[in-house]
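Note that the numbering used here has the sequence shown beginning at 8, numbered continuously upward. Positions of the beta carbon are idealized from the N, C-alpha and C atoms, including for glycine. A quick note: this is a predicted structure, and the numbers were derived from the prediction, not measured. Here is the structure we will look at.
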Amino acid sequence: MAKNQDSVTEIDERLTENDTANLITAIVQRTRNHPEIVRGSSVRGTLALKQVLEGYSLIRDQDLTRSSLEKSAMITLPPRISTKQGTQSSAEEIIRS
8 MAKNQDSVTE IDERLTENDT ANLITAIVQR TRNHPEIVRG SSVRGTLALK
58 QVLEGYSLIR DQDLTRSSLE KSAMITLPPR ISTKQGTQSS AEEIIRS
C-alpha cells in the first residue's frame with residue numbers, strides 16, 4: 008500500500024516552471040523519435056500542450072503536476088501525430104508509454 012501512495016504522491020507532486028518545460032520538451036521529442044510514429048508533434052504542438060496544461064490546472068484550481076501534464080498530453084498530442092501504417096499501438100498508447 009505504501010508503494011502505491013508513494014506513486015500517487017510523485018504523480019501529484021508540484022512541478023516547477025523549469026520541470027514543466029523540460030518534461031513537455033521531452034514528451035514532444037519522444038513523439039519525434041519514436042519508431043512507430045511517422046510524424047511527431049511540432050513546435051505548435053509543444054505550445055498547445057503548455058497552454059492546455061496551464062488551462063487545465065487553472066480550471067481545476069491546482070498546481071502543475073505530472074498527473075495534469077499526462078492528462079493534458081492525452082488531450083493535445085494524439086491528433087498532432089501520425090503513426091506508421093500497420094502499427095499495433097494507438098497514438099494514445101504511444102504517448103502514455
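- Asp-26 is not a Cβ neighbour of Ser-74, given a cutoff of 8 Å.
- DSSP places Ile-44 in the uninterrupted beta strand (DSSP E) bounded by 44-46.
- In the same chain as Ser-89, and ignoring 5 residues on each side of it, the C-beta atoms closer than 6 Å to its own belong to Val-45, Arg-46, in chain order.
- Annotated as proximal: Ile-102 and Leu-84, with beta-carbon spacing under 8 Å.
- Under DSSP, Thr-90 shares a beta bridge with Ile-44.
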